[in-house]
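Novice: Here it is: the structure, laid out below.
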Amino acid sequence: MISKRDLAQRLDISLEMADRHGFGDGVSESELAALEQDPPAWLVQSRSNRKKGARPVWVTLTCDVCGYSEAARPKKWWPEFTSVICRQHSSDELPKPADGLHRGYFEGVGSRFVGILDQDL
């Protein structure tokens, strides 16, 4: 059985859309294969409505220190991070920012990450 979250990631739809179309308990592998083989009109419409270059529905966050990764829904306030690390790591475990760059920290990225942005002052 594929969970609702995994289904949403694999179909590249939001969790809310999965709920709206009756996938609250998830689906079997064969049901997912059938959806991908012959997508319903709402899924075709959803995919066609996406603008080129628009924010993705899901992103993969990967710690630049230990390599742990998870899929998450990107937030509007997320900049293009220079690095992402797990909360338990120290930023000293990353290379120092280049000369003239200031390092900013963004808590609350995904379930356990800190986003790091090196930018001009």
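At position 56 of the sequence shown the residue is numbered 1442 (the numbering used here), and the sequence of numbers has no breaks. Using N, Cα and C, we set each Cβ at its ideal position, and we do this for glycine too.
Please determine if the stretch 1407-1419 and the stretch 1444-1463 are in contact, where contact requires at least 3 C-beta pairs separated by less than 8 Å.
Specialist: With the cut-off at 8 Å, the stretch 1407-1419 and the stretch 1444-1463 do not touch.
Novice: Using the beta-carbon count (16 or more within 10 Å), is residue 1507 buried or exposed?
Specialist: For this step, residue 1507 is matched to residue 121 along the sequence shown. By the 10 Å Cβ count, residue 1507 comes out exposed.
Novice: From the DSSP output, which residues share a beta bridge with residue 1490?
Specialist: For the purposes of this step, residue 1490 is taken as the residue at position 104 of the sequence shown. DSSP output for residue 1490 lists 1503 as bridge partner(s).
Novice: If you draw a straight line from the C-alpha of residue 1434 to the C-alpha of residue 1427, how long is it?
Specialist: As a first step, residue 1434 is located in the sequence shown; it is residue number 48 there, counting from the start. As a first step, residue 1427 is located in the sequence shown; it is residue number 41 there, counting from the start. Answer to the nearest angstrom: the Cα atoms are 10 Å apart.
Novice: Here's the rule: buried if 16 or more other CB atoms are within 10 angstroms of the residue's CB, otherwise exposed. What is residue 1389?
Specialist: Taking the sequence shown and counting its residues from 1, one reaches residue 1389 at position 3. Residue 1389 is exposed by the Cβ-count criterion.
Novice: Would you list the residues sitting across from residue 1472 in a DSSP beta bridge?
Specialist: Working through the sequence shown from its first residue, we reach residue 1472 at position 86. Residue 1472 pairs with 1499.
Novice: Do you know offhand how far residue 1475's Cα is from residue 1488's?
Specialist: Counted from its first residue, the sequence shown places residue 1475 at position 89. Counted from its first residue, the sequence shown places residue 1488 at position 102. Computed Cα separation, rounded: 19 Å.
Novice: With which residues is residue 1388 paired in a DSSP beta bridge?
Specialist: Looking up residue 1388 in the sequence shown gives position 2. According to DSSP, residue 1388 bridges with 1413.
Novice: Can you tell me whether residue 1413 is buried or exposed? The criterion is at least 16 other CB atoms within 10 Å of its CB, across all chains shown.
Specialist: Indexing the sequence shown from 1 puts residue 1413 at position 27. Buried: at least 16 other Cβ atoms inside 10 Å.
Novice: Counting along the chain, where does the beta strand (DSSP E) carrying residue 1457 start and finish?
Specialist: Working through the sequence shown from its first residue, we reach residue 1457 at position 71. That run of the beta strand (DSSP E) goes 1455-1458.
Novice: Checking 8 Å against the spacing of the C-beta atoms, do residue 1441 and residue 1465 come in under that value?
Specialist: Looking up residue 1441 in the sequence shown gives position 55. Looking up residue 1465 in the sequence shown gives position 79. No, the Cβ-Cβ distance between residue 1441 and residue 1465 is not below 8 Å.
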